[in-house]
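Peer 1: After the structure tokens below, expect a handful of questions from me.
Number of protein chains: 6
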Amino acid sequence: MKVLAIGSHPDDIEIGCGGALLRHRAVGDQVRAIVLTGGGRGGEEVTNNLAATRCQEAHAAAKLMDIEVECWDYQDTEIPETFEAVQRIEKLVEAYKPDRVYIPYGQDTHQDHRVTSNVAKSACRKVKQILEYEEPSSYNSFNATYWIDITPYVQTKFEAIKLHESQGHKQILKIKSIEGLNLYRGYQSHVEYAEGFVTFRFLES
Amino acid sequence: MKVLAIGSHPDDIEIGCGGALLRHRAVGDQVRAIVLTGGGRGGEEVTNNLAATRCQEAHAAAKLMDIEVECWDYQDTEIPETFEAVQRIEKLVEAYKPDRVYIPYGQDTHQDHRVTSNVAKSACRKVKQILEYEEPSSYNSFNATYWIDITPYVQTKFEAIKLHESQGHKQILKIKSIEGLNLYRGYQSHVEYAEGFVTFRFLES
Amino acid sequence: MKVLAIGSHPDDIEIGCGGALLRHRAVGDQVRAIVLTGGGRGGEEVTNNLAATRCQEAHAAAKLMDIEVECWDYQDTEIPETFEAVQRIEKLVEAYKPDRVYIPYGQDTHQDHRVTSNVAKSACRKVKQILEYEEPSSYNSFNATYWIDITPYVQTKFEAIKLHESQGHKQILKIKSIEGLNLYRGYQSHVEYAEGFVTFRFLES
Amino acid sequence: MKVLAIGSHPDDIEIGCGGALLRHRAVGDQVRAIVLTGGGRGGEEVTNNLAATRCQEAHAAAKLMDIEVECWDYQDTEIPETFEAVQRIEKLVEAYKPDRVYIPYGQDTHQDHRVTSNVAKSACRKVKQILEYEEPSSYNSFNATYWIDITPYVQTKFEAIKLHESQGHKQILKIKSIEGLNLYRGYQSHVEYAEGFVTFRFLES
Amino acid sequence: MKVLAIGSHPDDIEIGCGGALLRHRAVGDQVRAIVLTGGGRGGEEVTNNLAATRCQEAHAAAKLMDIEVECWDYQDTEIPETFEAVQRIEKLVEAYKPDRVYIPYGQDTHQDHRVTSNVAKSACRKVKQILEYEEPSSYNSFNATYWIDITPYVQTKFEAIKLHESQGHKQILKIKSIEGLNLYRGYQSHVEYAEGFVTFRFLES
Amino acid sequence: MKVLAIGSHPDDIEIGCGGALLRHRAVGDQVRAIVLTGGGRGGEEVTNNLAATRCQEAHAAAKLMDIEVECWDYQDTEIPETFEAVQRIEKLVEAYKPDRVYIPYGQDTHQDHRVTSNVAKSACRKVKQILEYEEPSSYNSFNATYWIDITPYVQTKFEAIKLHESQGHKQILKIKSIEGLNLYRGYQSHVEYAEGFVTFRFLES
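Residue numbers (numbering that gives the first Met the number 0), protein chains in the order written: chain Z, 0 to 204; chain R, 0 to 204; chain E, 0 to 204; chain X, 0 to 204; chain C, 0 to 204; chain L, 0 to 204.
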């Protein structure tokens, strides 16, 4: 199976579907990840070179997870909902032909996540499995319709998140939160740790 | 994979997930079906021996689909939402250990369908994949979260529905409706014919 | 009754509410349609003069359906959610005073459709009947609350869609999809073919 | 147009769709109402003969509204969700052939209202317009999808509710509440007073 | 403030709102709990005297939590949705006059929980704050609208759950689940541990 | 308690949560209000100096309500969903440290209201109580999850709305509407007048 994960900023993918990607690798699936911005703001003031640093962290995390990643050059907090953005993803999708795509949840307080979700949905018209992952900024109305057991991979997932060192103390807090979230999704699906997804489209064929 | 389908009346399963069951058989999965009532009313006045006739039709359809079926003896329009009913299904589930269970959608104008759905959800606490299928009596609020491509199996599905001959003319109308429904679910998932499901629980593991 | 239909691109209106408009004409209602863009992209690369061609097709389809249409000059994929756009529609609404307005569904993967829907809702504050129509790009969460029987008009509807010849092969696929959709909405409302709508507002008075 | 209104207890219909029924009469439609119980509890202790009294009040209100009403003999708080109940309504529907049916909203704290709503939905399979009306006991999740302007009829509606004299002081409080509700539905639909409905099914044909 | 908690079986209340009740006690609120059945089945075969044992456990847990509890005598898995049940709770409510009532969530795979929720909603017509709590059997569609920080009380909550010793090994598993759930609700509301609720009604006055 | 109210235009706050703010003042809470634009369009053509006039009216209303207000300088109908806007609110929130924030409802026909709601949600990550208020332009899907009894304050609320004199006749119509709305929310929560809110987040701690 060929898998594509799309995120707005470095660490979004690790948080939302890092365990799922590790499972894909464990069963031999091919995994590529696209990060639309370098996360130059990091949620705070713009720091010079932050995007470059965060992109390096994304590569370190990808190496740990044994997946391929590339950072695109959209501006943090300003990802545009344009035909150009749709088309850029579409070209990649047409070349790579993924069987499954992971994208941010469409209802989120962070505009970048909403735009990334919309743009990806438009670009992935022909993909059979589109799963929306959740993040701390997702609205509480996120109702999982698909769960992936990540129990064997959860520690590596957390290691990958920790590699985003520029995020510092914030990152440690995130890990506690994400552990609570993954325990809850495990609780819903009767395993120890799980990631939950909303299936925008999911065709068994 | 071991699959279990639960229905309230003969022909419910064929209509709601007949194509999916045929796909399971095509890929070598084991399939068992349980029909909780003989459908003695058939939606109209009670006719003597109707339940026996309809149960025979269920067996004929099952033979065509190459699956196992058994009819239970609850009364049509009076399936009880009781601990006994939960337990009876639970015992079967514990012995058979299905990987996936198909059940009626919980929001339906027909009380039997609602009760069957509830009772099955309680009985299948430990099953990893529970999919709710739709029927003509399901509420319009049915929003599919999972689709199965049934294009290669749709004609056999309709043949199986036609084997419920006691339902006569009504059955022919149903087939036209079901074709429209399966075309629509195909339209949503970008194939010709599909069945749509609501994932009450679905764990990838 | 005076009816107004608003679409983002040529053929959106025919697909989403073409049957309904034909019914309105059949009972003597007045029907006007506004297409906000010429659809210069047609979903692919920009082709020179495509907007002009598509607008001519819209007029041919309108002639077949015996309705009035005008194409506005917003840019395909860039319809702006601005006061100016609201006001432009509002002026038309205040002059024409429609009893019913058909607009795109607000939850859609295509940004133009979402913007058109929002802008139209703002502009039609005083209209008593506002119905959102569905398109292939509408989210699956579209739950119809109003159905219109289009059985006598469905072939003419498909003829009108076919007149959008510049869309070529894509259009033929669309028609199969739309037929599945209209069969399904018929299935829900117990007729052969229907169009389904979400009533943003609907006052019986 | 032939209209049927179904209620659980005397005064439910007046409260939920009394204004709509008055509008139907004003435009010459035929209106029949069925009350499934005599309301023998009246929400409190059972009082001897209360059902008979309340049924007389229902007739007085019906006379004022110029509609036909009949009280059935199900027990207050014990309306059964059975095939027999479905069939009894179904027979009436097949004889009367209503174009539109008003029924209680399916999500309600009062079990009688939920059962009446379910049973009516099953019995009205072939009716083209089924509207669920709201009552003080309806869940707050009631989201109107259809509004009827009752401004010219609202005073007569309140008079009809007042004729349920056995409900005494409680009734006066209800009228204040209902006025607030009808003002709100008017506010949503841009008239002074309106009743709001959820369209379980609504076919324009 | 006077608080009432209503549960179907011993340990339901501790699981769903045990932390909230401990917080109420910590700030000096009065807390009463009603358990509608003795839980004679305990989810498995009926064991003689199980209801009596479980009721004693409920009292032990209540003592630890410093709240008052009483077990009623409805039959496990057979709580009736009747006027009698509504009235029995209503009398208690009218005598005790609680400011806030905690009840099970209305959408649950366990029929007892659904019936308890419905009956309580009818009986608490005049209560200003009604919060639905969640349990492992609640549907995943539970979307919290109110959170209570239980961080200081979470260990005592788990101690109280453990006092239901007759539930044995099952109980230990439950605690792990509940911890995941409470971490998740904390994650949503930005504290360490929280309980989440759906506000059926909540009036600030 | 420290309270912050955020609105898009002068009079939005008074309409959506004016009664709640008056209650806060009555119990001694501190209340600050921020209006993001001067409302220079007033829903119609731009009139010179209108923003200045409307801002004065906002101050007059604030004086009557005994709260603090400031008008910001975003352009009416053009509030930007940008990092800058988030940050500007965030700074205020970090300095003022409100316990509760009132914001517009996120689903609204008016783009300014949607943007204000999104931007405020991002900026108030650390606020424990975020309540979305409703306005005439809110979608009908607004389902209150929190109610505040404003019976003693409703006349003052209307006085405050009337002080927006530049809105002239439109304002009088609004007051009738708002009264219907507040009566309805009172009806839902069993008091005379109430304001309803959607709790985006609400932590009791």
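Cβ coordinates follow ideal geometry from the N, Cα and C atoms, glycine included. If you're wondering where the values come from, they're calculated on a predicted model, not measured in any experiment.
Count the other CB atoms within 10 Å of the CB of glycine 179 of chain C; is the residue buried (16 or more) or exposed (fewer)?
Peer 2: To locate residue 179 of chain C, count along the fifth sequence from 1; it is residue 180. The residue is buried, with at least 16 neighbouring Cβ atoms inside 10 Å.
Peer 1: Are the C-beta of leucine 202 of chain Z and some C-beta of chain R separated by less than 8 Å?
Peer 2: Within the first sequence, numbered from 1, the residue matching residue 202 of chain Z stands at position 203. Output row for leucine 202 of chain Z: interface = yes.
Peer 1: Who does tryptophan 146 of chain L pair with in a DSSP beta bridge?
Peer 2: What you label residue 146 of chain L is simply residue 147 of the sixth sequence in a count that begins at 1. In the DSSP output, where bridge partners are listed per residue, tryptophan 146 of chain L has C:Leu202, L:Gly195.
Peer 1: Going along the region 151-172 of chain E in order, which residues come within less than 9 Å of chain R, judged by CB to CB distance?
Peer 2: So the list is empty, because no residue satisfies the distance condition.
Peer 1: Using only CA atoms, which one of E:Gln166, E:Gly185, E:Arg31 lies nearest to aspartate 98 of chain E?
Peer 2: In the third sequence, the residue the question calls residue 98 of chain E occupies position 99. Nearest C-alpha to aspartate 98 of chain E: E:Arg31.
Peer 1: Given phenylalanine 201 of chain R, which residues of its chain have a CB within under 6 Å of its CB, disregarding the five upstream and five downstream residues?
Peer 2: Walking along the second sequence from the start, residue 201 of chain R turns up at place 202. Only Gln128 meet the Cβ criterion.
Peer 1: Quick one: what's got a C-beta closer than 8 Å to glutamine 187 of chain R's C-beta in the same chain, skipping five residues either side?
Peer 2: Counting from one through the second sequence, the residue named residue 187 of chain R turns up at place 188. Hits under 8 Å: Ala143, Trp146, Ala193, Gly195.
Peer 1: Take proline 79 of chain E and list the residues in its own chain whose beta-carbon comes closer than 8 Å to its own, dropping the five residues that flank it on each side.
Peer 2: By one-based count along the third sequence, residue 79 of chain E stands at place 80. Result list for proline 79 of chain E: Tyr73, Val114, in chain order.
Peer 1: How long is the line joining the alpha carbons of phenylalanine 141 of chain E and proline 103 of chain E, rounded to whole angstroms?
Peer 2: Position 142 of the third sequence, counting from 1, holds the residue named residue 141 of chain E. Position 104 of the third sequence, counting from 1, holds the residue named residue 103 of chain E. Rounded to whole angstroms, phenylalanine 141 of chain E to proline 103 of chain E spans 11 Å at the Cα level.
Peer 1: Going by beta carbon distance, what residues of the same chain come within less than 6 Å of alanine 61 of chain C, once the five residues before and after it are set aside?
Peer 2: In the fifth sequence, residue 61 of chain C corresponds to position 62, counting from 1. The answer, listed in chain order, is Val68.
Peer 1: Can you pull out the residues from the region 17-42 of chain C whose beta carbon lies closer than 7 Å to at least one beta carbon of chain R?
Peer 2: Result list: Arg40.
Peer 1: Can a CB atom of chain R be found closer than 8 Å to the CB of histidine 109 of chain C?
Peer 2: Here the question's residue 109 of chain C lines up with position 110 in the fifth sequence. So, interface residue.
Peer 1: Is serine 121 of chain X closer than 8 Å to histidine 109 of chain R when the C-beta atoms are compared?
Peer 2: Mapped onto the second sequence, residue 109 of chain R falls at position 110. Mapped onto the fourth sequence, residue 121 of chain X falls at position 122. A contact, by the Cβ cut-off of 8 Å.
Peer 1: Under 8 Å, do proline 135 of chain E and serine 165 of chain E count as touching if we go by C-beta distance?
Peer 2: Counting from 1 along the third sequence, the entry for residue 135 of chain E is found at position 136. Counting from 1 along the third sequence, the entry for residue 165 of chain E is found at position 166. Cβ distance not < 8 Å, so proline 135 of chain E and serine 165 of chain E don't count as in contact.
Peer 1: Can you name, in chain order, every residue of its own chain whose Cβ lies under 6 Å from the Cβ of alanine 19 of chain E, other than the five neighbours on each side?
Peer 2: By one-based count along the third sequence, residue 19 of chain E stands at place 20. Ile147, Glu194.
Peer 1: Quick one: complete alpha helix (DSSP H) runs, 4+ long, within the region 57-98 of chain E?
Peer 2: The qualifying runs are 82-95.
Peer 1: Any C-beta of chain Z within less than 9 Å: which residues of the region 72-85 of chain E qualify?
Peer 2: Under the 9 Å Cβ criterion, the region 72-85 of chain E contributes Asp75, Thr76, Glu77.
Peer 1: How would you list, in chain order, the residues of chain C whose beta-carbon sits under 8 Å from the beta-carbon of lysine 127 of chain R?
Peer 2: Translated into the one-based positions of the second sequence, residue 127 of chain R becomes position 128. Per Cβ cutoff of 8 Å: no residues; lysine 127 of chain R is ~14 Å from chain C at best.
Peer 1: Residues of chain C with CB under 9 Å from isoleucine 140 of chain Z, in chain order?
Peer 2: As a first step, residue 140 of chain Z must be located in the first sequence, where it is residue number 141. The residue you asked about is not isoleucine; residue 140 of chain Z is serine in the sequence shown. The contacting residues are Asn142.
Peer 1: Determine the direct distance from the alpha carbon of isoleucine 12 of chain R to that of aspartate 208 of chain E, and round the result to whole angstroms.
Peer 2: Here chain E comprises residues numbered 0 to 204, so residue 208 of chain E is not present and cannot be evaluated.
Peer 1: What are the residues in the region 175-193 of chain R lying within 9 Å of chain Z by C-beta distance?
Peer 2: So the list reads Gln187, Ser188, His189, Val190, Ala193, given in the order they occur along the chain.
Peer 1: So what does arginine 31 of chain R bridge to, in DSSP terms?
Peer 2: Numbered from 1 along the second sequence, position 32 holds the residue referred to as residue 31 of chain R. According to DSSP, arginine 31 of chain R bridges with R:Leu3, R:Glu67.
Peer 1: With distances taken Cα to Cα, identify the nearest neighbour of lysine 161 of chain L among L:Thr150, L:Pro151, L:Lys173, L:Tyr152.
Peer 2: Here the question's residue 161 of chain L lines up with position 162 in the sixth sequence. It is L:Lys173.
Peer 1: Kindly indicate which residue of Z:Tyr132, Z:Ile149, Z:Gly105 has the alpha-carbon position closest to the one of tyrosine 138 of chain E.
Peer 2: As a first step, residue 138 of chain E must be located in the third sequence, where it is residue number 139. Considering only alpha carbons, the answer is Z:Gly105.
Peer 1: Please state the DSSP three-state secondary structure of aspartate 11 of chain X.
Peer 2: Counting from 1 along the fourth sequence, the entry for residue 11 of chain X is found at position 12. Three-state result, aspartate 11 of chain X: helix.
Peer 1: Skipping 5 residues on each side, what residues in its chain have a beta carbon closer than 7 Å to that of valine 153 of chain L?
Peer 2: Start at 1 with the first residue of the sixth sequence, and residue 153 of chain L comes out as number 154. Cβ within range, chain order: Gly18, Asn181, Tyr192.
Peer 1: When the Cα atoms are used, what is the spatial distance from cysteine 16 of chain E to histidine 163 of chain E?
Peer 2: What you label residue 16 of chain E is simply residue 17 of the third sequence in a count that begins at 1. What you label residue 163 of chain E is simply residue 164 of the third sequence in a count that begins at 1. Cα to Cα, the separation comes out at about 16 Å.
Peer 1: So, is the C-beta of aspartate 145 of chain R closer than 8 Å to a C-beta in chain Z?
Peer 2: As a position in the second sequence, residue 145 of chain R is number 146, starting the count at 1. Strictly speaking, residue 145 of chain R in this sequence is tyrosine, with aspartate absent from that position. Closer than 8 Å to some Cβ of chain Z, the Cβ of tyrosine 145 of chain R qualifies, so yes.
Peer 1: Use the C-beta contact count for histidine 8 of chain X: other C-beta atoms within 10 angstroms, 16 or more gives buried, fewer gives exposed.
Peer 2: In the fourth sequence, residue 8 of chain X corresponds to position 9, counting from 1. Under this definition histidine 8 of chain X is a buried residue.
Peer 1: Tell me which residues share the same chain as alanine 25 of chain R and place their Cβ nearer than 8 Å to its Cβ, disregarding the 5 neighbours each side in the sequence.
Peer 2: For the purposes of this step, residue 25 of chain R is identified with residue 26 of the second sequence, where counting begins at 1. Excluding residues within five positions, the ones whose Cβ falls inside 8 Å are Pro151, Tyr152.
Peer 1: To which residues of the same chain is leucine 3 of chain X closer than 6 Å at the C-beta, ignoring the five residues directly before and after it?
Peer 2: What you label residue 3 of chain X is simply residue 4 of the fourth sequence in a count that begins at 1. So the qualifying residues of the chain are Arg31, Pro97, Val100.
Peer 1: Pick from X:Thr155, X:Leu21, X:Val126: whose alpha carbon is nearest that of isoleucine 88 of chain X?
Peer 2: By one-based count along the fourth sequence, residue 88 of chain X stands at place 89. Closest option to isoleucine 88 of chain X, Cα to Cα, is X:Val126.
Peer 1: Using 8 Å as the limit for Cβ to Cβ distance, is aspartate 148 of chain X near chain E?
Peer 2: Sequence index remark: in the fourth sequence, residue 148 of chain X carries index 149 (1-based). Judged by the 8 Å Cβ criterion, aspartate 148 of chain X is in contact with chain E.
Peer 1: So, is alanine 57 of chain Z buried or exposed, given that buried needs 16 or more other C-beta atoms within 10 angstroms?
Peer 2: The residue you call residue 57 of chain Z lines up with position 58 of the first sequence. Under this definition alanine 57 of chain Z is a buried residue.
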